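Same order as they appear, the protein sequences are chains A and B. If you're matching positions, the first sequence starts at 1 in the numbering used here and goes up one per residue. If you're matching positions, the second sequence starts at 1001 in the numbering used here and goes up one per residue. In what follows, a single structure is set out as structure tokens and then discussed.
There are 2 protein chains.
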Amino acid sequence: MYTELFGQMKKQLGQIDAWFVAAEALAVSKKFDANLLLEMRLAPDQFALVRQVQITCDTAKLGASRITGREAPSHADTEKTFAELRARIASVIAYLETFTAGDFESAATRTVTQPRWEGKVMSTADYFVEHVIPNFYFHLAHTFAILRHNGVNVGKRDYLGTLSQRLP
Amino acid sequence: MYTELFGQMKKQLGQIDAWFVAAEALAVSKKFDANLLLEMRLAPDQFALVRQVQITCDTAKLGASRITGREAPSHADTEKTFAELRARIASVIAYLETFTAGDFESAATRTVTQPRWEGKVMSTADYFVEHVIPNFYFHLAHTFAILRHNGVNVGKRDYLGTLSQRLP
């Protein structure tokens, strides 16, 4: 299910554009600089919007990279505008589009580690289920929540996007 | 991967207890009724905390029910206290614990529908990936965000819980 779940992450990253459009519309109607929203946060000890988007991107990008063993593009975390964040998101979507089901076939035999895990490892499946999915959606939902909290006109449909529904 | 991802949802539901403990500790230290937090929300047109928890529970419960065709326990959405929400969460965790890998084996041949979908259906896999997972984590993260926004002392470790790490 790696392919489907990373495909969904790609779709969710694409949905952020609609939230940014709504954020920019609010900024125009209220006559403020839209990029000021990038520094908004829900609590002083939580990350601001710009960092929430960066981590959402990195969780998907590094998740795919670590699970498959394929190298990931590097991003410098220097974005200061919606335009720059859009470019980052597009770069991660383009990276995720290069993966095939075959890339994930060797996942079962690989382990994952990170510098701060002090030498410990996780199986790729545990890493994906316990770390990638919960973290990706945590930062994605916080991105949405910060915008909504600041009056941006977005709803659940903008979050989920179009569902693959059909007539029976 | 249904078993692992529902297992993770069960774990995430269990993590909420630690957030409630921290919420109650804040209420004691600031001398307010902890249950007042249940009515807090991030925006006037978003659900309050109590509803976020109810929907988090229902998304996992109904997801497992619809994917497997097994009946789900009914919950009346009448909770007014942390104690009542804890009971609801415990009920859903107990329900999820009754599922085996075998329950999900027939998922591939089943479709899912909901009254508001106007007769349309989704494959169980699409429903799970596009609807259950994104919605479950959306409302889980909003539960966390509302508490954090109101000064409750919770962090990412309380969100994720213990990871399955081991020495290589």
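Glycine included, C-beta positions come from ideal geometry on N, C-alpha and C. Remember, predicted model here, so these are calculated numbers, not experimental data.
Item                                                                                                                         : Value
Three-state secondary structure assigned by DSSP to Ser-1074 of chain B                                                      : coil
C-beta neighbour in chain A for Val-1053 of chain B, strict 8 Å                                                              : no
Arg-1066 of chain B: contacting residues in chain A (beta-carbon distance under 7 Å)                                         : The contacting residues do not exist; Arg-1066 of chain B stays about 14 Å from chain A at best.
Val-1053 of chain B (DSSP reduced to helix, strand or coil)                                                                  : helix
Chain-ordered neighbours of Gly-119 of chain A on chain B, where CB pairs are closer than 9 Å                                : Leu-1167, Pro-1168
For Thr-111 of chain A: DSSP bridge partner residues                                                                         : A:Ser-123
Other residues of its chain near Phe-1099 of chain B: CB distance less than 8 Å, five sequence neighbours each side excluded : Thr-1003, Phe-1006, Ala-1064, Thr-1068, Arg-1070
Beta carbon of Thr-1056 of chain B nearer than 8 Å to that of Phe-1136 of chain B                                            : yes
Near-chain A residues of the region 1006–1035 of chain B (beta-carbon distance less than 8 Å), N- to C-terminal order        : Gly-1007, Gln-1008, Lys-1011, Gln-1012
Residue-level contact to chain A via CB, Ser-1164 of chain B, 8 Å cutoff                                                     : yes
C-beta neighbour in chain B for Tyr-159 of chain A, strict 8 Å                                                               : yes
Euclidean distance between Cα positions of Arg-1110 of chain B and Asp-1126 of chain B                                       : 11 Å
Minimum C-alpha distance to Trp-1117 of chain B - residue among A:Gln-46, A:Pro-168, A:Lys-31                                : A:Pro-168
Residue nearest to Asp-58 of chain A in terms of C-alpha spacing, selected from A:Thr-162, A:Ile-93, A:Ser-29                : A:Ile-93
Interface flag, Tyr-1137 of chain B vs chain A, CB-CB below 8 Å                                                              : yes
Cβ contact check for the region 101–109 of chain A and the region 9–26 of chain A: 3 or more pairs under 8 Å                 : no
Three-state class that DSSP yields for Arg-1041 of chain B in the structure shown                                            : coil
Test: Arg-1148 of chain B CB closer than 8 Å to a CB of chain A                                                              : yes
Sequence-distant residues of the same chain with beta carbon closer than 8 Å to Thr-113 of chain A, five excluded per side   : Gly-119, Lys-120, Val-121, Met-122
Lys-156 of chain A to Asp-1158 of chain B span [Cα, whole Å]                                                                 : 26 Å
Whole-angstrom C-beta distance between Glu-130 of chain A and Leu-1163 of chain B, which should lie under 8 Å                : 5 Å
Neighbour-count burial assignment, Val-1032 of chain B, 16 or more Cβ in a 10 Å radius                                       : A small correction: the amino acid at residue 1032 of chain B is Phe; Val does not occupy that position in the sequence shown. By the 10 Å Cβ count, Phe-1032 of chain B comes out exposed.
Alpha-carbon spacing of Ile-89 of chain A relative to Leu-1160 of chain B, whole angstroms                                   : 24 Å
Selection of the region 37–53 of chain A by Cβ proximity to chain B, strictly under 7 Å                                      : Leu-42, Ala-43, Gln-46
Contacting residues, own chain, Cβ-Cβ under 7 Å from Ala-1083 of chain B (five flanking each side not counted)               : none
Length of the line joining the Cα atoms of Gly-1151 of chain B and Leu-1026 of chain B                                       : 8 Å
Buried or exposed by the 16-neighbour rule on C-beta atoms within 10 Å, applied to Arg-1166 of chain B                       : exposed
Nearest-angstrom Cβ-Cβ length linking Trp-1019 of chain B and Phe-1138 of chain B, presumed shorter than 8 Å                 : About 16 Å; that fails the 8 Å criterion.
Residues from the region 94–123 of chain A in contact with chain B, defined by Cβ distance under 8 Å                         : Thr-111, Thr-113, Trp-117, Gly-119, Lys-120, Val-121, Met-122, Ser-123
Ala-1023 of chain B versus Asp-45 of chain A: straight-line alpha-carbon distance, rounded                                   : 16 Å
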